[in-house]
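**Student:**
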Amino acid sequence: MMRPLQMSHVLSVLVLAAALSQCLGVAARAAPAESLSSLVARKAAILSGMHRKARKALVTAAQDEAFADYFHDHGEHHRHAAKQRIDSISLKVQSRFNVEEMCLIDVNGVELSRIVGDRIAHDLSADESGAVFFRPGMALEPRHTLVSPVYLSADADKWVVAYVTPILVGGQHGQGDAQKRALLHFEHGLDVYQEALAKGLADPNTVLLAVDEAGFVLFDSRAPIKVARTGQHTTQADYFERFELGGLNLEALRESLGGSGAASDMSGVVAADGRRYELAIARAEHWQLVAWRATEE
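So that you can map any letter, position 123 of the sequence shown is 122 in numbering that gives the first Met the number 0, and since no number is skipped, the others follow by simple counting.
(1) Helix, strand or coil, according to DSSP, for D219 in the structure here?
(2) Using a Cβ-Cβ cutoff of less than 6 Å, which residues in the same chain neighbour R292 once the five nearest sequence positions on both sides are dropped?
(3) For the alpha helix (DSSP H) containing G188, name the first residue and the last one.
(4) Nearest to V191 by CA position, among L145, A120, G48 and D202, is which residue?
(5) Does G129 pass the burial test, meaning 16 or more other C-beta atoms within 10 Å, or should it be called exposed?
(6) Mind checking E250: buried by the 16 CB within 10 Å criterion, or exposed?
(7) Which residues mark the beginning and the end of the beta strand (DSSP E) in which Q287 is found?
(8) Measure the C-alpha to C-alpha separation of A26 and A227 and round it to an integer number of angstroms.
(9) Quick one: Cα of A155 to Cα of G273, how far?
(10) Enumerate in chain order the residues of its own chain whose CB-to-CB distance from L244 is below 7 Å, with the five nearest sequence positions on each side excluded.
(11) Let's see if you can read the secondary structure: which residues bound the beta strand (DSSP E) around P165?
(12) Let me know if H76 comes out buried or exposed under the rule of 16 or more other beta-carbons within 10 Å of its beta-carbon.
(13) Which residues mark the beginning and the end of the alpha helix (DSSP H) in which E250 is found?
(14) Just reading off the alpha helix (DSSP H) that D86 is part of, what are its end residues?
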């Protein structure tokens with residue numbers, strides 16, 4: 000049987016625990032939701048970090064001597080050995096950074112090497128010059144990278160974002176000026192960025208979207224957006240909805256907030272379709288991140 004002193008101690012502990020639980024509950028209920036400006040800035044920083052990591056990985060890989068060796072005229076056997084080294088480099092990058100596809104393309108658009116997933120591809124393309132990243136990639140300065148708009152990858156069979164950097168080669172034995180001889184390129188699936196944007200969204204009353212330069216919604220916190228190829232559908236309109244809020248597109252929303260263009264971050268309250276919305280917009284490479292909450296009339 001429990002003694003009175005012990006009973007008193009137990010009751011005191013229970014009362015204290017109940018009081019603490021109540022205080023914590025009140026604190027949790029009273030915790031303010033993250034500001035929309037903070038949310039879009041935080042998510043834009045995450046995307047920027049992902050782009051920065053991918054850029055560094057690609058540029059670092061491109062400095063390997065195997066790429067220059069491939070273009071030096073030392074005979075077919077030497078070139079074959081250089082290609083094997085390039086394939087090996089690509090597989091290592093794929094393993095470390097989980098890229099969907101990685102390839103080397105010469106200045107005429109001919110594919111010289113490609114890996115898809117963890118496999119070396121042998122059905123190399125004769126002409127990649129029409130790819131969305133090819134011309135702007137060839138215009139890059141040494142050790143610079145391009146982040147492409149999203150496109151449907153024929154190799155990954157999904158919507159992807161590409162990174163490209165030029166391969167510069169000097170004359171034989173280091174003689175002569177360096178020339179652009181190829182592009183090194185890899186792809187990340189759009190779903191990688193969708194997952195990063197979805198992580199840690201705690202407020203059910205807040206909507207977060209990622210909108211590309213064409214006005215298509217690539218991420219929506221309210222529902223998943225599929226990125227895998229479906230049948231013969233190949234256009235963005237087949238997979239993504241155009242952005243609108245209360246009948247306004249993104250440009251009109253920016254104008255309502257007192258700004259124009261897509262470069263600047265902004266926030267405020269807008270009226271659209273008879274409702275009022277608290278709104279914040281932040282730029283992230285080719286995308287704009289848009290967060291909103293409906294407010295009281």
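Glycine included, C-beta positions come from ideal geometry on N, C-alpha and C.
**Tutor:** If we stick to the structure as given:
(1) DSSP places D219 in strand when its eight states are reduced to three.
(2) For R292, where only same-chain residues beyond five positions count, the Cβ hits under 6 Å are N204, T205 and E277.
(3) Per DSSP, G188 belongs to no alpha helix (DSSP H); it is in the beta strand (DSSP E), Q178 to G188.
(4) The residue with the shortest Cα to Cα distance from V191 is G48.
(5) Under this definition G129 is an exposed residue.
(6) Counting the other Cβ atoms within 10 Å of the Cβ of E250 gives fewer than 16, which makes it exposed.
(7) Per DSSP, the unbroken beta strand (DSSP E) holding Q287 starts and ends at W286 to T294.
(8) Any reading at A26 is ruled out, since the residue's pLDDT is 42, under 50, leaving its predicted position unreliable.
(9) Taken atom to atom, the span from the alpha-carbon of A155 to that of G273 is near 43 Å.
(10) Correct list, in chain order: L252, A271, Y276 and W291.
(11) For P165, the enclosing beta strand (DSSP E) begins and ends at K157 to V168.
(12) Around the C-beta of H76, fewer than 16 other C-beta atoms lie within 10 Å, and the residue is accordingly described as exposed.
(13) Residues L249 to S255.
(14) It spans E75 to F96 - the alpha helix (DSSP H) in which D86 sits, taken as one unbroken run.
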